[in-house]
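Undergrad: First the structure, then my questions, so here it is.
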Ligand code: GCU
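In our numbering, the protein residues as written are 13 to 750.
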């Protein structure tokens, strides 16, 4: 039985109010309301960095007069999305919704749009050249004797991006009275890769299930999809690959294309194109063909027809991402063809519609290689110049596999005739899953700033990726998403920062990791300086910490087998040598490390000479990559003056110590942020502390069996035997392959 209250909502009508239990029930209801109330206002992280909570009084006094009226068109979906975001954002931050008008009529007008959409903007003679299709300018000016602000662009999408920038300025309490900003992205395709399976499992995902509710699509459009699109647009992400690179051909069937089409409809107003991962053997699996040979006319026709079918549904479909001939995935080599043959066949299918193919270079052959580090380069460099114009080769940041720290991939700079896309991992497969507080900004920055030297000094990876080094108009960056159904999206509050920094650096790969963390903290937590400064320090030190307690001095690939949770430096045997840890650390009684010098596997020679020479020399190689490139005696001396063995143990312990310092810093910040988020971060840091110690102890116990050396003075022995660490099993660790 329902009755309608004064505010129009319907509630069940209590039917026995006269009975004796009435007061008890009323009391119980009141208690329940009290218990539920805080939940209703939960600081659960759902709003990400788009929180828009009211600013403090001083900021309100500064901003309100300057942002009194919104003048903007609302004739299409992107324009309406822009208007709604500004109304929501300004309304929240300023505590009052701004007036919306068609023409400026008061002081403090904010004009948002393009010369075509807003005639008043066209009269201002703004210089929009060079802003392209996604750039914008934000300027303070005098309009008919009144102070105004314009957010102007050549396209509606540019105006949307500019609007998010304006909101960001307020969230960071920046002055807005003399603005003169111009921004355009350096990179064209700024894409998230979801490793999401159609059954909602997320490969290497640590934040719940896939947000794509395939079963209820296309009829039920979860409002979360819109919030996902908003969050991405706010940081400039303009593409999403919705399914796993280990692809299921079903995504290309009409039933699933209906669902992809529905998602594309949600993403479109926010400037986000949808892409799918294509399984190379799809013509055989869902097309009834006997082969998927890219040179077979029937196969080529099948892909062309498939592309036509997709574009008939989704005219702005982005294209295909492909993992081929890698880790058991089918590919052109199965038919005696090359990567270029395979990529070009798909490129031909999407080219008439303006689509692209992102062809991954994460390959290593099934035969045991002499060094997995060299394989992608060996397979791809000979094909430079053979790829069609709408193909990008997507290269992981390093040559092995998203390890805690890797030198930049030698392919960057080595294929000047091909646009190379960067692939970063945002999800932390090898960096402590979603529980460890590890800010990836410094890691992305380190790789993007690395100098390939291929065209002289200053030939940074960023310049390869943004196309400027070799003059490519097409450019891209991909990030393997850390997003799932967890209420906070990313599995932890601080992992939201990794999604954020990825997007910001995809837009501008020259940005500074610390500056981005600073803006993220102010938007996500608080602008209280007493909070921001110490937490910034924590974030900036966190990547070095995880490197120290997991894989110091260039060690790599030492994690548990399969699920990749926890230490497993002893992992050996199994189907492939290069899936073991012993293959990578090569510890013996004498020393440790992988000899990739000219007298070892010679992987160093895949880099340009100045880089190769430095990496080849144990005295010149950056110490963080010492054991990546060199096999060194336990008793050799390193920069600190310690022996290698002592330094290794020192670094493991240093990493644990840094986590302890993070715990202390965070404990001191109680009261500066809401209790709910403070509590979760605190508990997660405790997990991180425990697991960092476990990594340190297990690794030290294991490597000591090789070095045979005592622990340096003051270093505590591992509390358990090596056998104990080896015996630990984690059958249900999240994110494993299926
Ligand atoms: C890693 C990861 C796999 C993934 C692969 C890839 O090896 O563990 O789950 O499929 O990378 O990037 O294709």
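Heads up, the beta-carbon is just placed ideally off N, CA and C, and yes, glycines get one too. The model shown is predicted, which means the values in this text are computed figures rather than measured ones.
Residue 640 to residue 576, Cα distance in whole Å?
TA: Taking the chain shown and counting its residues from 1, the one referred to as residue 640 is at position 628. Taking the chain shown and counting its residues from 1, the one referred to as residue 576 is at position 564. In a straight line, the C-alpha of residue 640 is about 19 Å away from that of residue 576.
Undergrad: Between residue 455 and residue 439, what straight-line distance do the alpha-carbon atoms span, to the nearest angstrom?
TA: Walking along the chain shown from the start, residue 455 turns up at place 443. Walking along the chain shown from the start, residue 439 turns up at place 427. So the two alpha carbons sit approximately 13 Å from each other.
Undergrad: Which one of 549, 157, 587, 183 has the shortest CA to CA distance from residue 677?
TA: If you number the chain shown from 1, residue 677 lands on position 665. Taking only the C-alpha atoms, the option nearest residue 677 is 549.
Undergrad: Touching or not, the segment 137–153 and the segment 164–178, by the rule of three or more beta carbon pairs under 8 Å?
TA: Verdict: yes, contact present.
Undergrad: Measuring CB to CB, does residue 626 end up less than 8 Å from residue 617?
TA: Here residue 626 corresponds to residue number 614 of the chain shown, with the count starting at 1. Here residue 617 corresponds to residue number 605 of the chain shown, with the count starting at 1. Cβ distance not < 8 Å, so residue 626 and residue 617 don't count as in contact.
Undergrad: Report yes if the C-beta of residue 260 is less than 7 Å from at least one heavy atom of the ligand GCU; otherwise report no.
TA: Along the chain shown, one-based indexing puts residue 260 at 248. No.
Undergrad: Please classify residue 566 as buried or exposed, where buried requires at least 16 other C-beta atoms within 10 Å of its C-beta.
TA: Within the chain shown, the letter at position 554 stands for residue 566. When all chains shown are included, residue 566 counts as buried.
Undergrad: Given a cut-off of 8 Å on the beta-carbon distance, is the pair residue 109 and residue 103 in contact?
TA: Position 97 of the chain shown, counted from the first residue, corresponds to residue 109. Position 91 of the chain shown, counted from the first residue, corresponds to residue 103. Their beta carbons are under 8 Å apart, which means residue 109 touches residue 103 by this criterion.
Undergrad: Per DSSP, what are the beta-bridge partners of residue 763 in this structure?
TA: This structure cannot speak to residue 763, because the chain is shown only from 13 to 750.
Undergrad: Indicate, with yes or no, if the ligand GCU has a heavy atom lying under 7 Å from the CB of residue 399.
TA: The residue you call residue 399 lines up with position 387 of the chain shown. Residue 399 Cβ: outside cutoff for every heavy atom of the ligand GCU.
Undergrad: List, from N- to C-terminal side, the alpha helix (DSSP H) runs of 4 residues or more that fit wholly inside the segment 386–429.
TA: Listed in chain order, the complete alpha helix (DSSP H) runs (minimum 4 residues) inside the segment 386–429 are 387–392.
Undergrad: Suppose the cutoff is 7 Å on Cβ atoms and the five residues either side in sequence are ignored; what does the same chain contact list for residue 49 look like?
TA: Position 37 of the chain shown holds residue 49. At residue 49, the pLDDT of 36 sits below 50, so the modelled position is not reliable and the matter cannot be decided from this model.
Undergrad: Should residue 57 go down as buried or exposed, given a rule of 16 or more other Cβ atoms within 10 Å for buried?
TA: Numbered from 1 along the chain shown, position 45 holds the residue referred to as residue 57. It counts as buried.
Undergrad: Given 7 Å as the limit, tell me if residue 238 has its C-beta closer than that to any heavy atom belonging to the ligand GCU.
TA: The residue labelled residue 238 in the question sits at position 226 within the chain shown. Every heavy atom of the ligand GCU is 7 Å or more from the Cβ of residue 238, so no.
Undergrad: Any chance the segment 579–591 sits against the segment 482–496, with 3 or more Cβ pairs inside 8 Å?
TA: Touching, no.
Undergrad: Taking the beta strand (DSSP E) that residue 204 falls in, what are its first and last residues?
TA: Stepping through the chain shown from its first residue, residue 204 is reached at position 192. Where residue 204 is concerned, the enclosing beta strand (DSSP E) stretches over 201–205.
Undergrad: Suppose the cutoff is 7 Å on Cβ atoms and the five residues either side in sequence are ignored; what does the same chain contact list for residue 375 look like?
TA: Here residue 375 refers to the residue found at position 363 when the chain shown is read from its first residue. Hits under 7 Å: 337, 338, 387, 388, 391.
Undergrad: In chain order, which alpha helix (DSSP H) runs of at least 4 residues are fully inside the segment 650–716?
TA: Counting whole runs of 4 or more residues, the segment 650–716 contains the alpha helix (DSSP H) stretches 656–679.
Undergrad: Going by the C-beta, is residue 596 closer than 7 Å to any heavy atom of the ligand GCU?
TA: Position 584 of the chain shown, counted from the start, is the residue given in the question as residue 596. For the ligand GCU, not one heavy atom lies less than 7 Å from the Cβ of residue 596.
Undergrad: Examine the ligand GCU and report whether any of its heavy atoms sits within less than 7 Å of the Cβ of residue 338.
TA: One-based indexing of the chain shown puts residue 338 at position 326. True, at least one ligand heavy atom lies under 7 Å from that Cβ.
Undergrad: Can you give me the C-alpha to C-alpha distance between residue 638 and residue 472, rounded to a whole angstrom?
TA: Counting from 1 along the chain shown, the entry for residue 638 is found at position 626. Counting from 1 along the chain shown, the entry for residue 472 is found at position 460. Using only the alpha carbons, I get a separation of about 21 Å.
Undergrad: Can you give me the start and stop residues for the beta strand (DSSP E) that residue 150 sits inside?
TA: Within the chain shown, residue 150 is the residue found at index 138, counting from 1. It spans 148–155 - the beta strand (DSSP E) in which residue 150 sits, taken as one unbroken run.
Undergrad: Does the Cβ of residue 413 lie closer than 7 Å to at least one heavy atom of the ligand GCU?
TA: As a first step, residue 413 is located in the chain shown; it is residue number 401 there, counting from the start. Indeed, a heavy atom of the ligand GCU lies less than 7 Å from the Cβ.
Undergrad: Measuring only the C-alpha atoms, how far is residue 135 from residue 401?
TA: Counting from 1 along the chain shown, the entry for residue 135 is found at position 123. Counting from 1 along the chain shown, the entry for residue 401 is found at position 389. One C-alpha to the other measures close to 39 Å.
Undergrad: Under 8 Å: do the segment 548–563 and the segment 700–708 share three or more Cβ pairs, one atom per stretch?
TA: Yes, since at least three Cβ pairs between the segment 548–563 and the segment 700–708 fall closer than 8 Å, the two stretches touch.
Undergrad: Exposed or buried, which one is residue 744 when buried takes at least 16 other CB atoms within 10 Å?
TA: The residue labelled residue 744 in the question sits at position 732 within the chain shown. Exposed.
Undergrad: Can you check which of these residues, 301, 294, 317, is closest to residue 341 by C-alpha distance?
TA: Here the question's residue 341 lines up with position 329 in the chain shown. Minimum Cα distance to residue 341 is reached at 294.
Undergrad: What separation, rounded to the nearest whole angstrom, lies between the Cα atoms of residue 189 and residue 78?
TA: Taking the first residue of the chain shown as position 1, residue 189 is located at position 177. Taking the first residue of the chain shown as position 1, residue 78 is located at position 66. Roughly 7 Å between the two C-alpha positions.
Undergrad: Can you tell me whether residue 751 is buried or exposed, with buried defined as 16 or more other CB within 10 angstroms of its CB?
TA: For residue 751 there is no data in the structure shown, the boundaries of the chain being 13 and 750.
Undergrad: Select from 435, 430, 278, 429 the residue whose C-alpha is nearest the C-alpha of residue 421.
TA: The residue you call residue 421 lines up with position 409 of the chain shown. Among 435, 430, 278, 429, the Cα nearest to that of residue 421 belongs to 435.
Undergrad: What residue does the alpha helix (DSSP H) around residue 359 start on, and which one ends it?
TA: Reading the chain shown from its first residue, position 347 is the one you call residue 359. Here the alpha helix (DSSP H) through residue 359 covers 351–362.
Undergrad: Taking DSSP as the reference, what is the three-state secondary structure of residue 438?
TA: In the chain shown, the residue the question calls residue 438 occupies position 426. In the structure shown, residue 438 sits in coil (DSSP, three-state: anything other than H, G, I, E or B).
Undergrad: Report the rounded CA-to-CA distance for residue 727 versus residue 660, giving the unit in angstroms.
TA: The residue given as residue 727 occupies position 715 in the chain shown. The residue given as residue 660 occupies position 648 in the chain shown. Roughly 12 Å separates the two Cα atoms.
Undergrad: How about residue 539 and residue 180: do their beta carbons lie closer than 8 Å?
TA: What you label residue 539 is simply residue 527 of the chain shown in a count that begins at 1. What you label residue 180 is simply residue 168 of the chain shown in a count that begins at 1. Against a cut-off of 8 Å, the Cβ pair of residue 180 and residue 539 comes out as no contact.
Undergrad: Is it buried or exposed, residue 267, if we count other Cβ atoms within 10 angstroms and call 16 or more buried?
TA: The sequence position of residue 267 within the chain shown is 255, counting from 1. So residue 267 counts as exposed.
Undergrad: Does the structure place the segment 648–664 close enough to the segment 515–528 that three or more beta carbon pairs sit under 8 Å?
TA: They do not touch, by the three-pair rule.
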